[in-house]
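**Student:** Let me give you the structure first, and then I'll get to my questions.
In our numbering, the protein residues as written are 2 to 320.
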């Protein structure tokens with residue numbers, strides 16, 4: 002964001018005083034206050050006094066994407082900056098260099114500090130698409146006050162249950178969408194979002210149709226991979242099943258049956274717990290790649306959360 006708080010704006014408790022001819026002692030005191038603000042991470046409410054006269058040759062943006070584009074998406078940075086002159090802005094001090102007279106603020110970090118605690122996994126937001134990339138789309142989350150305070154990424158794999166080759170076939174800038182929060186990295190200030198998870202996976206809705214019963218298949222299956230019935234594990238699945246057997250509380254993992262979906266939903270291997278209720282310490286896992294789907298019977302004393310943690314550990318070990 003090309004907005005500046007000038008060196009003449011004193012960082013005082015009032016936050017608004019402008020000193021025309023500050024003394025050396027006053028300037029030195031202000032620098033010390035700035036350093037204390039940086040060290041403590043306090044949010045400072047400052048007045049925008051000016052903006053850079055340059056164009057695209059700006060440093061890494063320190064304003065949140067939503068602060069700029071969600072306000073007036075059709076205007077340039079320069080036009081938006083002009084409209085923000087002398088307005089109040091919440092920022093964090095991120096760089097203090099008295100020798101070079103450099104004092105840098107970040108509106109983005111201030112927005113994260115103020116609003117990230119209000120974002121949790123499973124939350125659903127109305128949002129607007131800010132930018133579209135090859136790997137996904139960045140969208141701005143609308144909060145209850147009607148403003149777009151934070152942004153997150155909808156990865157291409159989270160756009161639709163159908164296989165998506167080009168994000169631009171699904172989304173364009175300024176599209177209004179609903180998204181679900183699937184992860185929040187508070188250390189890296191990142192929010193992962195999903196559009197497809199607002200709907201039930203079509204495989205789970207039609208599991209019995211996709212994977213029909215196969216009489217006698219249970220007697221011909223084997224633990225930890227393929228079997229004599231002709232079911233060959235999906236690429237990468239056999240290693241995962243073998244690793245699962247090394248997890249405490251998991252005693253057997255074997256492919257029981259397979260089927261084929263009508264369309265390709267993902268070329269990559271996907272693995273998750275079925276919504277079928279467990280019986281006799283047996284859970285069902287589903288593996289999918291391309292159109293092929295395989296059902297795995299998992300015998301374990303673990304509950305659902307324990308299985309998810311075991312799967313996560315295995316996936317971290319398997320290359």
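C-beta atoms are modelled at their ideal positions from N, C-alpha and C, and glycine is treated no differently.
Computed from a predicted structure; not experimentally measured.
Is any heavy atom of the ligand NAD found at a distance shorter than 7 Å from the C-beta of residue 101?
**Tutor:** Absence of the ligand NAD is noted for the structure shown, with no ligands found whatsoever.
**Student:** Which residue marks the beginning of the beta strand (DSSP E) containing residue 295, and which one marks its end?
**Tutor:** Residue numbering aside, residue 295 sits at position 294 when the chain shown is read from its first letter. Here the beta strand (DSSP E) through residue 295 covers 293-301.
**Student:** In angstroms with no decimal places, state the Cα-to-Cα distance between residue 282 and residue 310.
**Tutor:** Locating residue 282 in the chain shown gives position 281, counting from the first residue. Locating residue 310 in the chain shown gives position 309, counting from the first residue. Computed Cα separation, rounded: 17 Å.
**Student:** Considering only residues of the same chain and omitting the five flanking positions on each side of residue 91, which have a CB-CB separation below 6 Å?
**Tutor:** Mapped onto the chain shown, residue 91 falls at position 90. Hits under 6 Å: 44, 46 and 111.
**Student:** What is the DSSP secondary structure of residue 271, reduced to helix, strand or coil?
**Tutor:** Taking the chain shown and counting its residues from 1, one reaches residue 271 at position 270. Three-state result, residue 271: strand.
**Student:** Can you tell me whether residue 155 is buried or exposed, with buried defined as 16 or more other CB within 10 angstroms of its CB?
**Tutor:** As a position in the chain shown, residue 155 is number 154, starting the count at 1. With 16 or more other Cβ atoms within 10 Å, it is buried.
**Student:** With 16 other CB atoms within 10 Å as the buried threshold, where does residue 88 fall?
**Tutor:** Here residue 88 refers to the residue found at position 87 of the chain shown. With fewer than 16 other Cβ atoms within 10 Å, it is exposed.
**Student:** Can you find at least 3 beta carbon pairs, one from the stretch 293-302 and one from the stretch 238-250, that sit closer than 8 Å?
**Tutor:** yes
**Student:** What whole-angstrom Cβ distance do residue 291 and residue 268 have, given they're in contact under 8 Å?
**Tutor:** Locating residue 291 in the chain shown gives position 290, counting from the first residue. Locating residue 268 in the chain shown gives position 267, counting from the first residue. 6 Å between Cβ atoms; contact.
**Student:** Need the endpoints of the alpha helix (DSSP H) that residue 40 sits in, please.
**Tutor:** One-based indexing of the chain shown puts residue 40 at position 39. 25-41 is the span of the alpha helix (DSSP H), which, as asked, contains residue 40.
**Student:** At which residues does the beta strand (DSSP E) containing residue 192 begin and terminate?
**Tutor:** Locating residue 192 in the chain shown gives position 191, counting from the first residue. Residues 191-195.
**Student:** Taking the alpha carbon of residue 82 as the point to measure from, which residue in 247, 48 and 144 has its own alpha carbon closest?
**Tutor:** Numbered from its first residue, the chain shown carries residue 82 at position 81. Checked all of 247, 48 and 144; the closest Cα to residue 82 is 48.
**Student:** Within 10 Å of its beta-carbon, does residue 181 have 16 or more other beta-carbons around it, so buried, or fewer, so exposed?
**Tutor:** For the purposes of this step, residue 181 is taken as residue 180 along the chain shown, with counting starting at 1. Here residue 181 is buried, its C-beta having at least 16 other C-beta atoms within 10 Å.
**Student:** Would residue 274 and residue 251 qualify as a contact pair, given that the criterion is a beta-carbon distance under 8 Å?
**Tutor:** Looking up residue 274 in the chain shown gives position 273. Looking up residue 251 in the chain shown gives position 250. Not a contact, by the Cβ cut-off of 8 Å.
**Student:** Is the Cβ-Cβ distance between residue 199 and residue 179 less than 8 Å?
**Tutor:** Reading the chain shown from its first residue, position 198 is the one you call residue 199. Reading the chain shown from its first residue, position 178 is the one you call residue 179. Yes.
**Student:** When you compare only the Cα positions, how much space is there between residue 113 and residue 313?
**Tutor:** As a working note, residue 113 is residue 112 in the chain shown. As a working note, residue 313 is residue 312 in the chain shown. Taking the straight line from one Cα to the other gives about 28 Å.
**Student:** Looking only at C-alpha atoms, which of 249, 248 and 234 sits nearest to residue 257?
**Tutor:** The residue given as residue 257 occupies position 256 in the chain shown. From the listed residues 249, 248 and 234, the smallest Cα separation to residue 257 is found for 234.
**Student:** Are the stretch 92-104 and the stretch 118-125 touching by the rule of at least three beta carbon pairs closer than 8 Å?
**Tutor:** Between the stretch 92-104 and the stretch 118-125 there are fewer than three C-beta pairs closer than 8 Å, too few to call the two in contact.
**Student:** With respect to the alpha helix (DSSP H) encompassing residue 306, which residues constitute its N-terminal and C-terminal limits?
**Tutor:** Position 305 of the chain shown, counted from the first residue, corresponds to residue 306. 305-318 is the span of the alpha helix (DSSP H), which, as asked, contains residue 306.
**Student:** Do you know whose CA, among 176, 245 and 260, lies nearest residue 231's CA?
**Tutor:** By 1-based counting over the chain shown, the position of residue 231 is 230. With distances taken between Cα atoms, residue 231 lies closest to 260.
**Student:** Between 279, 299, 270 and 280, which has its C-alpha nearest residue 288's C-alpha?
**Tutor:** In the chain shown, counting from the first residue as 1, residue 288 sits at position 287. That would be 270, whose Cα lies nearest to the Cα of residue 288.
**Student:** Could you tell me which whole beta strand (DSSP E) segments of length 3 or greater appear in the stretch 237-268?
**Tutor:** The DSSP assignment places complete beta strand (DSSP E) segments of no fewer than 3 residues inside the stretch 237-268 at 251-261, in order along the chain.
**Student:** Flag this pair as yes or no: are the beta carbons of residue 284 and residue 272 separated by less than 8 Å?
**Tutor:** Walking along the chain shown from the start, residue 284 turns up at place 283. Walking along the chain shown from the start, residue 272 turns up at place 271. Taking 8 Å as the Cβ cut-off, residue 284 and residue 272 do not qualify as a contacting pair.
**Student:** When the Cα atoms are used, what is the spatial distance from residue 35 to residue 26?
**Tutor:** Taking the first residue of the chain shown as position 1, residue 35 is located at position 34. Taking the first residue of the chain shown as position 1, residue 26 is located at position 25. It is roughly 14 Å from the alpha-carbon of residue 35 to the alpha-carbon of residue 26.
**Student:** If you compare alpha carbons, which of 165, 95 and 170 is closest to residue 41?
**Tutor:** Counting from one through the chain shown, the residue named residue 41 turns up at place 40. Per the C-alpha coordinates, the member of 165, 95 and 170 positioned closest to residue 41 is 95.
**Student:** Quick check: the Cα distance between residue 80 and residue 172, rounded to an integer number of angstroms?
**Tutor:** To locate residue 80, count along the chain shown from 1; it is residue 79. To locate residue 172, count along the chain shown from 1; it is residue 171. Going by the C-alpha atoms only, they are around 26 Å apart.
**Student:** Measure the beta-carbon distance from residue 126 to residue 157 and round it to whole angstroms, keeping in mind my assumption that it falls under 8 Å.
**Tutor:** Here the question's residue 126 lines up with position 125 in the chain shown. Here the question's residue 157 lines up with position 156 in the chain shown. Between residue 157 and residue 126 the Cβ distance is about 19 Å, and since that is not below 8 Å, they are no contact.
**Student:** Report the start-end ranges of each beta strand (DSSP E) in the stretch 67-152 that is 3 residues or longer and not cut off at the edges.
**Tutor:** 89-98, 103-107, 125-134 and 137-143
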